[in-house]
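Novice:
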Amino acid sequence: LTQIILSFPLSYMVYKLFAGLDFFPFLNFIGIFVVFALGAGDIFVAIDKWRDARQADPLARTEDIAAKAFPDAALAMFLTSFTTAIAFFSTATCPVAPIKMFAIFCGLLVSFDYIMNVLLVFPA
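Residue 112 in my numbering is what sits at position 114 of the sequence shown, and the numbering runs on without skipping anything.
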């Protein structure tokens, strides 16, 4: 839950400071529901890969299980997150400003959710 929530201020920082976008429509707040759904899916993938690795070798150390499960989980999460982010970023070609800003912000949310998941949740 923390990593999902932290992706919101990170995305806003990139949206506002680095991209220089001043218009932040209320529609962008709907993106939190998108990132909650995708973040929960990523957590399920990580737990499933961990459980599969543990069942394959029940006596292995935690570090060995993590080394075995992490690459598979990171790749599976990357594929789902990447395709979703690309879908949002491609919607940014829309000439309607609120939809364009929503697409950019949600693409950033999905991208940062994946990064936070890989850097925080799985190692924890």
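Backbone N, C-alpha and C define an ideal beta-carbon position, used for all residues, glycine too.
Would you kindly check if the distance between the Cβ of ILE30 and the Cβ of LEU107 is under 9 Å?
Specialist: Cβ atoms of LEU107 and ILE30: closer than 9 Å.
Novice: Return the CA-CA distance between ASP20 and MET11, expressed in angstroms with no decimal places.
Specialist: Distance between the alpha carbons of ASP20 and MET11 is about 11 Å.
Novice: Below 9 Å between beta carbons: does that hold for PHE22 and PHE103?
Specialist: It is a contact, given that the beta carbons lie within the stated cut-off.
Novice: By alpha-carbon positions, which one of THR89, THR78, ALA85 and ILE63 ends up nearest to ALA122?
Specialist: When only C-alpha atoms are compared, the closest one is ILE63.
Novice: Could you tell me if GLY37 is buried or exposed, where buried requires 16 or more neighbouring beta carbons within 10 angstroms of its beta carbon?
Specialist: By the 10 Å Cβ count, GLY37 comes out buried.
Novice: Please go through the same chain and pick out, in chain order, the residues whose beta-carbon is closer than 6 Å to the beta-carbon of LEU25, but skip the five residues on each side of it.
Specialist: Once the five neighbours on either side are set aside, the close Cβ partners of LEU25 are PRO96 and PHE100.
Novice: Taking the CB atoms as reference points, tell me whether LEU8 and MET114 lie closer together than 9 Å.
Specialist: Against a cut-off of 9 Å, the Cβ pair of MET114 and LEU8 comes out as a contact.
Novice: Quick one: which unbroken alpha helix (DSSP H) runs of 4-plus residues sit fully inside the stretch 39 to 118? Chain order, please.
Specialist: The stretch 39 to 118 contains these whole alpha helix (DSSP H) runs: 60 to 89 and 95 to 114.
Novice: I need the DSSP call for PHE120, collapsed to helix, strand or coil.
Specialist: Here PHE120 sits in coil by DSSP.
Novice: For THR60 and CYS92, I'd like the C-alpha separation in whole angstroms.
Specialist: Answer to the nearest angstrom: the Cα atoms are 47 Å apart.
Novice: Just checking my contact of ALA71 with PHE120 at CB under 8 Å: how many whole Å lie between their CB atoms?
Specialist: Sure, about 6 Å apart at Cβ, within 8 Å.
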